[in-house]
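Since the structure comes first, as structure tokens, the remarks are kept for the end.
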Amino acid sequence: MTRGLHLHVGLPKCGSTAIQRVLAERRRALRDRGVDYPRLIDRPIGNLTPYVLAQRPAETQSLFRMNNPRVDLAATGDALRAALDGSGAPQMILSSEALSHPLYPVRLDWMFARFDEVQVHLFLRPRPDWVLSHFSQRIRTGGFQGDLDALVNAEDTSDGLRRMLRYSDHVAFWERCAGPGTVRLHFLGERFGPPARQFLDAIGCADLAGETGQLRANEGLTAFELCVLSHLPRRDQRGFLAKSHKVRAIAARFDPAPGAALLTDALRQRIEDMTGDDTARLLAMQDRITAGDMAPATPDARPQTSFGDLTASAAFADCVAALKAEGLWQPP
């Protein structure tokens, strides 16, 4: 029997949660088609994520351990090998956007050797949209305090952003790992469809997609909600996460401009400048994603704002007063 592996590697902030949720929900139907999505963790996140994080330094595992206290990272290698050896399906899916972290590459050659064919699925999106989604996630999880401009320009983050946004380097890396022609590119854009549908179509199971719209957990926060969360006093990340949902709900009541955009024209240009000639390199490597996909011609017509504008507003002062009355805005 010929064995094939479909390896979903992200990028992060490119629909991974939606893909992994659908794969978990369709696990039995996929198995009936000869496609195994092994249950390596009892949550709808990437089934390969525990193994990937186990290869990283301990100080980078804190958030995962906080959210998954019953997972023994030390045992993930044995669990993965058991799943690989015990599966009788001709096709297997393994997924983790953590594989695409530029600072923590993971060697998978031992795993690739167990399959006759390997296809790597790499999802991309317009870079400014990726940065905004990344920023929102960092704020939402308490991992960053500051505005979007600070994230883009900070010395300790800009190099990591630049590496993540060099899309052609990701393609080249995975072709070195899995072999030439093994990378299938997907894209978050209007003409490509929902990410989960793209993935299921690529593995020959498009009819299992069903309704695969965006998940609520991954919808973007408004500029005002992000601003309030960024300025929220906190002692530690755990304490921040414990009250962040209540804070968001209160902030939404005072939001003076729910449709305002944090991505200014200047920031968009700065993000594009970070990657130099990478778009040209990516376009030369493949013919699925076009220049128009990478840089949509339609400008963002929403009013632009900044954390500076928002914190100076009466709405921000009123929101802080309400949070203090609820005991949610307290000095650390």
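According to our numbering, the sequence shown is numbered sequentially starting from 1. Quick reminder that beta carbons are idealized off the backbone N, C-alpha and C, glycines included.
Legend entry - Sequence-distant residues of its chain with Cβ nearer than 6 Å to T275 (five each side left out): For this step, residue 275 is matched to residue 275 along the sequence shown. The residues are L165 and R166.
Legend entry - Beta-carbon spacing of I19, F192 below 8 Å: Counting from 1 along the sequence shown, the entry for residue 19 is found at position 19. Counting from 1 along the sequence shown, the entry for residue 192 is found at position 192. In this structure, F192 does not lie closer than 8 Å to I19 by Cβ.
Legend entry - S100 vs H170 beta-carbon contact at 8 Å: Within the sequence shown, numbered from 1, the residue matching residue 100 stands at position 100. Within the sequence shown, numbered from 1, the residue matching residue 170 stands at position 170. H170 is positioned such that its CB atom lies closer than 8 Å to that of S100.
Inset, instruction - Spatial neighbours of Q286 within its chain, please: CB distance less than 7 Å, with the 5 preceding and 5 following residues excluded, ordered by chain position. - result: Counting from one through the sequence shown, the residue named residue 286 turns up at place 286. Closer than 7 Å at the Cβ level, and outside the excluded window around Q286, lie L185.
Legend entry - E117 (DSSP reduced to helix, strand or coil): In the sequence shown, counting from the first residue as 1, residue 117 sits at position 117. DSSP places E117 in strand when its eight states are reduced to three.
Inset, instruction - Report yes if the CB atom of P338 is closer than 8 Å to the CB atom of R21, and no otherwise. - result: Beyond the ends of the chain as shown, which are 1 and 332, falls residue 338; an answer cannot be given.
Legend entry - Backbone secondary structure at M1 - three-state DSSP: The sequence position of residue 1 within the sequence shown is 1, counting from 1. DSSP places M1 in coil when its eight states are reduced to three.
Inset, instruction - Would you identify the three-state DSSP class for D287, choosing helix, strand or coil? - result: Mapped onto the sequence shown, residue 287 falls at position 287. Coil, per DSSP.
Inset, instruction - For the beta strand (DSSP E) containing Q91, list its first residue and its last residue. - result: By 1-based counting over the sequence shown, the position of residue 91 is 91. Q91 to S95 is the span of the beta strand (DSSP E), which, as asked, contains Q91.
Legend entry - Secondary structure, beta strand (DSSP E): runs of 3+ residues fully inside the region 198 to 250: If one requires a minimum length of 3 residues, no beta strand (DSSP E) run lies completely within the region 198 to 250.
Inset, instruction - Report, in whole angstroms, the separation of the C-beta atoms of P195 and G10, which I expect to be a contact under 8 Å. - result: Start at 1 with the first residue of the sequence shown, and residue 195 comes out as number 195. Start at 1 with the first residue of the sequence shown, and residue 10 comes out as number 10. Between G10 and P195 the Cβ distance is about 11 Å, and since that is not below 8 Å, they are no contact.
Legend entry - Residue closest to V152, alpha-carbon to alpha-carbon, out of L262, L103 and D309: As a first step, residue 152 must be located in the sequence shown, where it is residue number 152. Out of L262, L103 and D309, L262 has the C-alpha closest to the C-alpha of V152.
Legend entry - A322 vs I250 beta-carbon contact at 8 Å: By one-based count along the sequence shown, residue 322 stands at place 322. By one-based count along the sequence shown, residue 250 stands at place 250. Going by C-beta atoms, A322 is nearer than 8 Å to I250.
Legend entry - Validate contact between the region 224 to 243 and the region 135 to 147 using beta carbons, cut 8 Å, 3 pairs: With a cut-off of 8 Å, the region 135 to 147 and the region 224 to 243 count as touching, because enough Cβ pairs lie within range.
Inset, instruction - Measure the C-alpha to C-alpha separation of L63 and R238 and round it to an integer number of angstroms. - result: Position 63 of the sequence shown holds residue 63. Position 238 of the sequence shown holds residue 238. Going from the Cα of L63 to the Cα of R238 covers about 9 Å.
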